[in-house]
Amino acid sequence: MEGEAGNEILRANSLYHVYESSAEDGNVVALRGLSVSIMEGEAVAVVGPSGSGKSTLLKCLGGLMKPSAGSVELGGTRMTRLTGVELVELRQKTVSFIFQDANLLPHLNAIDNVAQPLLHQGVMAGVARKKAMGLLERLGVGDRAFGMPEQLSGGEQQRVAISRALITDPKLILADEPTGALDPITSREVLALFDQLHREDDVAFLLVTHSKEVASFCERSLELREGRFIAQHGAGVDIGDLSDSREFIVDDSGTVTLPPDVLLKIGGPGRFEVQEIERDMLHLERVDEEREEIEGSGEMVLSSSCPACFHSYGDSDEQLCPECGSSRPMVQA
Ligand SMILES: Nc1ncnc2c1ncn2[C@@H]1O[C@H](COP(=O)(O)OP(=O)(O)OP(=O)(O)O)[C@@H](O)[C@H]1O
Ligand SMILES: [Mg+2]
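So for the sequence shown, our numbering puts the first residue at 5; every next one is plus one.
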């Protein structure tokens, strides 16, 4: 089946995911009605604070986890309807994963880890190993081909994992912090390789990242907050200051979510009356009496320290904690 509108490689509609728990603080709603569409050959970054649902999203999109509700289509086929074997086949043909930690099989050496997806598809061992060796060399770890995972450094393991992800010539790569464990030089080399795959082989990417370089390799970045995409950013985004380049998103349910700095700018939560409403335009203005009430009850400001790791923000107006990536909350002045 072909994807509609020409060439969508991936499409998700209204994804919800709830991690159920019997603990006192109860269930965690990690995705809240999220929709996304990636075209063939497109590179898209997902940025957002720790705990916003990035890894959960990637796992649901790649069929590693079944979302609580909503649908995912890969190359036009509805994954959420497939049985085990069909799902594995569709995934193997289309998509590869790169995780933050390499996730290598501990009992296989590097080259066999890389060759494994091809062996699974019934390719002859000699052919699979040859291709695996070529990729390991391309990623600068050819001389470690016969090392066991535990004998490799974190960066070497990650390069082996990237080789494994590339061996099936995927049309789409889903990557969760792919360069997180790499030093800056290796990380630049890996990005150059991604860029080449993207430009020359039309491979599509959806990359979760906290890194400027990774985000700037993408044509657009989607900003995730509390399980929802709240904004989109164009190429060359500065992820240290997302407030400069936001395009807000009104989702299928009509919901817009404002990030804390915008909420701060408009004077905090309250009631707004509609001044003008037209196709493609909406003008809201705060109801006056509400504003007085809010001012009277104390202004909202960005918290001076991180509630998770106690990092002190000093004079900065950063939105994300530079130490732990947590979202900076607003508090009463
Ligand atoms: N297995 C799980 N069981 C229960 N809750 C979970 C589980 N995995 C994640 N969560 C919760 O779901 C939310 C989203 O988690 P997720 O791992 O997707 O965030 P993330 O954006 O990838 O964060 P990070 O940047 O730290 O990797 C968080 O509140 C997290 O605590
Ligand atoms: Mg994560």
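Glycine included, each C-beta is placed from N, C-alpha and C at the ideal position.
Given that a residue counts as buried once 16 or more other Cβ atoms are within 10 Å of its Cβ, and exposed if not, what is residue i?
{"i": "Asp116", "result": "buried"}
{"i": "Pro121", "result": "buried"}
{"i": "His287", "result": "exposed"}
{"i": "Cys313", "result": "exposed"}
{"i": "Asn1", "result": "The chain is shown from 5 up to 337; residue 1 falls before or after that span and cannot be answered."}
{"i": "Glu4", "result": "Here the chain comprises residues numbered 5 to 337, so residue 4 is not present and cannot be evaluated."}
{"i": "Lys134", "result": "exposed"}
{"i": "Gly240", "result": "exposed"}
{"i": "Asp357", "result": "Past the boundaries of the shown model lies residue 357; the chain is included only from 5 to 337, so the question cannot be answered."}
{"i": "Ser257", "result": "exposed"}
{"i": "Ala106", "result": "buried"}
{"i": "Lys269", "result": "exposed"}
{"i": "Asp242", "result": "exposed"}
{"i": "Ala119", "result": "buried"}
{"i": "Lys70", "result": "exposed"}
{"i": "Pro110", "result": "exposed"}
{"i": "Pro182", "result": "buried"}
{"i": "Ala16", "result": "buried"}
{"i": "Glu12", "result": "buried"}
{"i": "Gly238", "result": "exposed"}
{"i": "Asp180", "result": "buried"}
{"i": "Ala27", "result": "exposed"}
At the level of alpha carbons, what is the spacing between residue i and residue j?
{"i": "Ser100", "j": "Glu193", "result": "19 Å"}
{"i": "Ile253", "j": "Gly151", "result": "47 Å"}
{"i": "Glu93", "j": "Phe103", "result": "20 Å"}
{"i": "Glu217", "j": "Leu68", "result": "27 Å"}
{"i": "Tyr20", "j": "Gly329", "result": "23 Å"}
{"i": "Arg148", "j": "Arg95", "result": "28 Å"}
{"i": "Ser320", "j": "Gly79", "result": "44 Å"}
{"i": "Leu324", "j": "Gly244", "result": "8 Å"}
{"i": "Ser167", "j": "Leu176", "result": "14 Å"}
{"i": "Pro53", "j": "Arg283", "result": "33 Å"}
{"i": "Gly272", "j": "Met304", "result": "6 Å"}
{"i": "Gln162", "j": "Ser56", "result": "24 Å"}
{"i": "Val207", "j": "Leu14", "result": "12 Å"}
{"i": "Gly300", "j": "Arg332", "result": "Note on Gly300: pLDDT 48, under 50, position unreliable in the model; no value is reported."}
{"i": "Leu61", "j": "Gly37", "result": "11 Å"}
{"i": "Gly318", "j": "Ser247", "result": "19 Å"}
{"i": "Ile281", "j": "Ser41", "result": "28 Å"}
{"i": "Phe209", "j": "Gly126", "result": "26 Å"}
{"i": "Leu139", "j": "Thr190", "result": "15 Å"}
{"i": "Cys64", "j": "Arg142", "result": "30 Å"}
{"i": "Leu91", "j": "His214", "result": "30 Å"}
{"i": "Pro264", "j": "Ile171", "result": "42 Å"}
{"i": "Gly159", "j": "Ala219", "result": "20 Å"}
{"i": "His124", "j": "Gly88", "result": "15 Å"}
{"i": "Leu195", "j": "Phe233", "result": "25 Å"}
{"i": "Val32", "j": "Glu44", "result": "32 Å"}
{"i": "Gln336", "j": "Leu267", "result": "13 Å"}
{"i": "Glu251", "j": "Arg224", "result": "11 Å"}
{"i": "Gly274", "j": "Asp255", "result": "21 Å"}
{"i": "Val145", "j": "Ala136", "result": "11 Å"}
{"i": "Leu178", "j": "Gly66", "result": "7 Å"}
{"i": "Gly184", "j": "Thr98", "result": "24 Å"}
{"i": "Gly30", "j": "Pro311", "result": "21 Å"}
{"i": "Leu262", "j": "Val164", "result": "40 Å"}
{"i": "Gly169", "j": "Glu327", "result": "It should be noted that the sequence gives Ala, not Gly, for residue 169. Those two C-alpha atoms are separated by around 30 Å."}
{"i": "Ser157", "j": "Tyr23", "result": "33 Å"}
{"i": "Glu289", "j": "Met334", "result": "22 Å"}
Which whole-angstrom value describes the C-beta separation of residue i and residue j, a residue pair presumed to lie in contact below a C-beta threshold of 8 Å?
{"i": "Leu226", "j": "Gln236", "result": "6 Å"}
{"i": "Ser308", "j": "His315", "result": "No, Ser308 and His315 are not in contact; Cβ-Cβ is about 10 Å, not under 8 Å."}
{"i": "Val291", "j": "Phe276", "result": "7 Å"}
{"i": "Ser59", "j": "Val212", "result": "7 Å"}
{"i": "Leu108", "j": "Gly231", "result": "No, Leu108 and Gly231 are not in contact; Cβ-Cβ is about 30 Å, not under 8 Å."}
{"i": "Ser39", "j": "Ser18", "result": "6 Å"}
* contact_flag[the segment 73-88, the segment 47-55] where n(CB pairs < 8 Å) is 3 or more -> no
* Touch test, the segment 145-165 against the segment 62-81, Cβ-Cβ under 8 Å, three pairs minimum -> no
* Contact between the segment 127-138 and the segment 196-205 (3+ Cβ pairs under 8 Å) -> no
* **Every unbroken beta strand (DSSP E) inside the segment 175-260 [3 residues or more]** => 176-180, 208-212, 224-229 and 232-237
* Unbroken stretches of the beta strand (DSSP E), 3 residues or longer, contained in the segment 16-98 -> 32-43, 47-51 and 73-78
* Asked: Where in the segment 93-147 do unbroken runs of the alpha helix (DSSP H), each at least 4 residues long, occur, reported from the N-terminal end onward?
  -> 114-124 and 129-142
* **Completely contained beta strand (DSSP E) runs for the segment 304-334, where each covers 3 or more residues** => For the segment 304-334, whole beta strand (DSSP E) runs of length 3 or above, ordered along the chain, are 304-306.
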